[in-house]
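Residue numbers (our numbering), protein chains in the order written: chain F, 9 to 264; chain B, 9 to 264. As structure tokens, the structure follows; a few thoughts come after it.
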DNA sequence: CGCGATTTGTGCACGTCTTCACAAGCGCCT
DNA sequence: AGGCGCTTGTGAAGACGTGCACAAATCGCG
């Protein structure tokens, strides 16, 4: 296929260039590729092979090639991918060429950490507002941003085009906050509260739950322990374990 | 199948009861079911139907039944699932009956938040150690725990059976910390640093990256915007957008 | 005791994701 | 110019996950 569909002119928005609809699994990996590409670019590389990039991103090289092929990407056979071009392509597809405004609701323990996290700014995100329902927290300044009351959300949304809402409140308050975010036009929500949000169709919700991740790991620990215990005598003690990893064929190392 | 294999006697460990090896997707959903079950139990319910539990967990009821069937669970047809029994089963399978010790490395912004997060303790986890490489942070007390230097990891691991390591360091330090954790026998790592860890076989790594989640949402925002722009005149302005969600058939609401 | 209402557990078909293996294409060296 | 080695892009097969639809099982009631 030398006939490319010119998937997008990243330079300037305006002409809508018919985004290819990527498999969801591919979309989830693109940010990882992007990070790896930036790292490689800083190390002075100009091009990279699928093998090299796959290694840096922790995936299979065939998977990587198929992922990139979905966005009609430019790579040259026998050489590899041009770093700058590929970065530009991925950033365009992910919509990172426009700096999106993020509203962070809930300035507790986690909210503080998120407000101070540089990973947001380093990609194309800008925290446009810190909000909280607790009047005692309103006015506090975090990382150069002042905390506003959640009731000011409509006013702020009118001034700034909020793209994404981040919920870092207790579970009990999360649904109400989600409703308020949806009401002012936010259609993408990142939810850190341990609860299920119900939102109208067309609104995307992604959930991050630290406790869930730990429980998944706990399951694998449990399974590994039962596997190593089986070939043993049977009723031996389960006191001190470490020393050398014995397990052999269990699970792949990198989880998704 | 009325012949159950007696999948596990949650009361007491010792006899290893041949954990069924569940599909990974099922394992990832079990913690969510567990949380929903606890909520329902607090509301005074004794039993719950697959439909009811599925609603509370935000999944399809058929999926839920299939998931539960994998762990040979007890439900009674015509009635539903017994809450207490199901909770016990899931907690056993996830290995939450034993309180696992977690070592948290990196007490920066995020580490502070994690150290203060109750979600750990509320499930079967206990932060056994706070560690950091920065001598200025050693000795600081967070949430009743004292920060130790990372070099004390071997000593701490000898005293407590560390089950899980949590890495909340900058990306540059993460691989070194992972190596140290592996060296003292940790076989499960939860990585918050934005980088790929390479670990020996048999070690499980799960990654949580806030920036990646935002970028995935950004993609969907970008796609939604391009979809709503297409049927319009073509070159209209992309200034203020909200007012009413127009998108119809786009994506399911709850992401995984 | 039998019947109907209800709900679980599961066979089956479908869609998505992954992985292999290889042809097509590109650059370099002679 | 021609050949050779290397790398991309992709067809095809297999693994995995999902959802429907229904049989089997249980309870409650007349």
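In this text, a Cβ means the ideal position worked out from N, Cα and C, and glycines have one as well.
**Q.** residue 58(F) - containing alpha helix (DSSP H), residue span
**A.** As a first step, residue 58(F) is located in the first chain; it is residue number 50 there, counting from the start. Residue 58(F) -> alpha helix (DSSP H) spans 58 to 65.
Q. Does the count of Cβ pairs from the region 198 to 214 of chain B and the region 174 to 187 of chain B closer than 8 Å reach three?
A. yes
Q) If we call anything under 8 Å between Cβ atoms a contact, is residue 103(B) one with residue 77(F)? A) Residue mapping note: residue 103(B) aligns to position 95 of the second chain, counting from 1. Residue mapping note: residue 77(F) aligns to position 69 of the first chain, counting from 1. No, the pair does not count as a contact, with Cβ atoms beyond the cut-off.
**Q.** Within the region 204 to 239 of chain F, ranges of the beta strand (DSSP E) (whole runs, at least 3 residues)
**A.** 212 to 215
Q. For the region 47 to 70 of chain B, which residues have a CB atom closer than 8 Å to at least one CB atom of chain F, in sequence order?
A. 64, 65 and 66
Q: Output yes if chain B places a C-beta closer than 8 Å to the C-beta of residue 219(F); else output no.
A: For the purposes of this step, residue 219(F) is taken as residue 211 along the first chain, with counting starting at 1. Closer than 8 Å: yes.
Q: Could you tell me the boundaries of the beta strand (DSSP E) in which residue 128(B) lies?
A: On the second chain, position 120 is the one that residue 128(B) refers to. Counting along the chain, residue 128(B) falls outside any beta strand (DSSP E), though it belongs to the alpha helix (DSSP H) covering 126 to 130.
Q) Among 28(F), 115(F), 127(F) and 132(F), which one has its Cα closest to the Cα of residue 109(F)? A) Here the question's residue 109(F) lines up with position 101 in the first chain. Comparing Cα-Cα distances from residue 109(F) to each of 28(F), 115(F), 127(F) and 132(F), the minimum goes to 132(F).
Q: Could you tell me which residues DSSP pairs with residue 149(F) in its beta bridges?
A: Numbered from 1 along the first chain, position 141 holds the residue referred to as residue 149(F). Answer is 154(F).
Q | Which residues DSSP lists as bridging residue 47(F), in chain order | A | Indexing the first chain from 1 puts residue 47(F) at position 39. DSSP output for residue 47(F) lists no bridge partner at all.
Q. Under 8 Å, do residue 175(B) and residue 151(B) count as touching if we go by C-beta distance?
A. Mapped onto the second chain, residue 175(B) falls at position 167. Mapped onto the second chain, residue 151(B) falls at position 143. Contact flag unset, no.
**Q.** chain F contacts from the region 175 to 205 of chain B (Cβ-Cβ distance under 7 Å)
**A.** For the region 175 to 205 of chain B, the residues whose beta carbon sits under 7 Å from a beta carbon of chain F are, in order, 192, 193, 195, 196, 198, 202 and 204.
Q.
If the criterion is Cβ atoms closer than 8 Å, does the pair residue 117(F) and residue 82(B) meet it?
A. Within the first chain, residue 117(F) is the residue found at index 109, counting from 1. Within the second chain, residue 82(B) is the residue found at index 74, counting from 1. Contact: no.
Q: Spatial neighbours of residue 173(B) within its chain, please: CB distance less than 6 Å, with the 5 preceding and 5 following residues excluded, ordered by chain position.
A: Within the second chain, numbered from 1, the residue matching residue 173(B) stands at position 165. Within the same chain, and ignoring the five residues on either side of residue 173(B) in sequence, the residues whose Cβ sits closer than 6 Å to its Cβ are 111, 189, 194 and 197.
Q | Collapsed DSSP secondary structure at residue 173(B) in the structure displayed | A | Indexing the second chain from 1 puts residue 173(B) at position 165. Of the three classes helix, strand and coil, the one that applies to residue 173(B) here is strand, per DSSP.
Q. Under a CB-based cut-off of 8 Å, is residue 86(B) close to chain F?
A. Looking up residue 86(B) in the second chain gives position 78. With 8 Å as the cut-off, residue 86(B) does not count as an interface residue toward chain F.
Q | Expected contact under 8 Å - CB spacing of residue 123(B) and residue 135(B) to nearest Å | A | For the purposes of this step, residue 123(B) is identified with residue 115 of the second chain, where counting begins at 1. For the purposes of this step, residue 135(B) is identified with residue 127 of the second chain, where counting begins at 1. About 6 Å separates the two Cβ atoms, so the contact holds.
Q) Closer than 8 Å, CB to CB, is residue 139(B) near chain F or not? A) The residue labelled residue 139(B) in the question sits at position 131 within the second chain. Cβ-Cβ to chain F under 8 Å: no for residue 139(B).
Q | Start and end residues, alpha helix (DSSP H) containing residue 185(F) | A | Sequence index remark: in the first chain, residue 185(F) carries index 177 (1-based). Where residue 185(F) is concerned, the enclosing alpha helix (DSSP H) stretches over 179 to 191.
Q.
Is there a Cβ of chain B sitting closer than 8 Å to that of residue 45(F), yes or no?
A. For this step, residue 45(F) is matched to residue 37 along the first chain. Closer than 8 Å: no.
**Q.** Per-residue contacts from residue 127(F) into chain B (C-beta, under 7 Å)
**A.** Along the first chain, read from residue 1 onward, the residue named residue 127(F) stands at position 119. Within chain B, the residues near residue 127(F) are 202, 218 and 219.
Q. If you follow the alpha helix (DSSP H) that residue 140(F) is part of, which residue opens it and which one closes it?
A. Along the first chain, one-based indexing puts residue 140(F) at 132. Here residue 140(F) belongs to no alpha helix (DSSP H); instead the beta strand (DSSP E) covers 133 to 140.
Q) What does residue 83(B) pair with, by DSSP beta-bridge criteria? A) By 1-based counting over the second chain, the position of residue 83(B) is 75. In the DSSP output, where bridge partners are listed per residue, residue 83(B) has 89(B).
Q: Mark residue 74(F) as exposed unless 16 or more other C-beta atoms lie within 10 angstroms of its C-beta, in which case mark it buried.
A: As a first step, residue 74(F) is located in the first chain; it is residue number 66 there, counting from the start. Residue 74(F) comes out exposed.
Q: Could you tell me which chain F residues have their CB closer than 9 Å to the CB of residue 114(B), listed as they occur along the chain?
A: Within the second chain, the letter at position 106 stands for residue 114(B). By Cβ distance, chain F contributes nothing, its closest Cβ being about 11 Å from residue 114(B), past 9 Å.
Q. With 8 Å set as the bound, which would you pick, yes or no: does the beta-carbon of residue 78(B) sit closer than that to a beta-carbon of chain F?
A. Along the second chain, read from residue 1 onward, the residue named residue 78(B) stands at position 70. It does not; no Cβ of chain F falls within 8 Å.
Q: Starting from residue 108(B), follow the beta strand (DSSP E) in both directions and report where the run begins and ends.
A: Here residue 108(B) corresponds to residue number 100 of the second chain, with the count starting at 1. Run containing residue 108(B): 108 to 113, per the beta strand (DSSP E) assignment.
Q. Can you tell me the Cα-Cα spacing of residue 160(F) and residue 207(F), whole angstroms?
A. For the purposes of this step, residue 160(F) is taken as the residue at position 152 of the first chain. For the purposes of this step, residue 207(F) is taken as the residue at position 199 of the first chain. For residue 160(F) and residue 207(F), the gap between their C-alpha atoms comes out near 21 Å.
Q | Touch test, the region 31 to 42 of chain B against the region 59 to 69 of chain B, Cβ-Cβ under 8 Å, three pairs minimum | A | Between the region 31 to 42 of chain B and the region 59 to 69 of chain B, the count of C-beta pairs closer than 8 Å reaches three or more; the two stretches touch.
Q) Could you give the C-beta distance for residue 214(B) and residue 224(F), rounded to a whole number, given that I count them as a contact under 8 Å? A) Here residue 214(B) is taken as the residue at index 206 of the second chain, counted from 1. Here residue 224(F) is taken as the residue at index 216 of the first chain, counted from 1. The distance from the Cβ of residue 214(B) to that of residue 224(F) is about 6 Å, consistent with a contact at the 8 Å cut-off.
Q. Are any of the Cβ atoms in chain F nearer than 8 Å to that of residue 241(B)?
A. For the purposes of this step, residue 241(B) is taken as the residue at position 233 of the second chain. Interpretation of residue 241(B) is limited by its pLDDT of 44, a score under 50 that renders its predicted location unreliable; the figure taken from the coordinates is listed afterwards. Cβ-Cβ to chain F under 8 Å: no for residue 241(B).
(Q) Does chain F have any CB closer than 8 Å to the CB of residue 131(B)? (A) Position 123 of the second chain holds residue 131(B). Yes, because at least one Cβ of chain F sits closer than 8 Å to the Cβ of residue 131(B).
Q: On a CA-only basis, which of 57(B), 137(B) and 149(B) is nearest residue 84(B)? Give me that one, please.
A: Looking up residue 84(B) in the second chain gives position 76. For the residues 57(B), 137(B) and 149(B), the minimum Cα distance to residue 84(B) belongs to 57(B).
**Q.** Rounded straight-line distance, which links the Cα of residue 119(B) to that of residue 145(B)
**A.** Reading the second chain from its first residue, position 137 is the one you call residue 145(B). Reading the second chain from its first residue, position 111 is the one you call residue 119(B). If you take the alpha carbons of residue 145(B) and residue 119(B), they lie about 12 Å apart.
Q. In chain B, which residues lie with their C-beta within 7 Å of the C-beta of residue 31(F)?
A. Residue 31(F) sits at position 23 when you count from the first residue of the first chain. The premise fails here: residue 31(F) is roughly 12 Å from chain B at the closest Cβ pair, so nothing lies under 7 Å.
(Q) Counting only Cβ-Cβ distances shorter than 7 Å, please list the residues of the region 220 to 231 of chain F near chain B, keeping chain order. (A) 220, 221, 222, 223, 224, 225, 226, 227, 228, 229, 230 and 231
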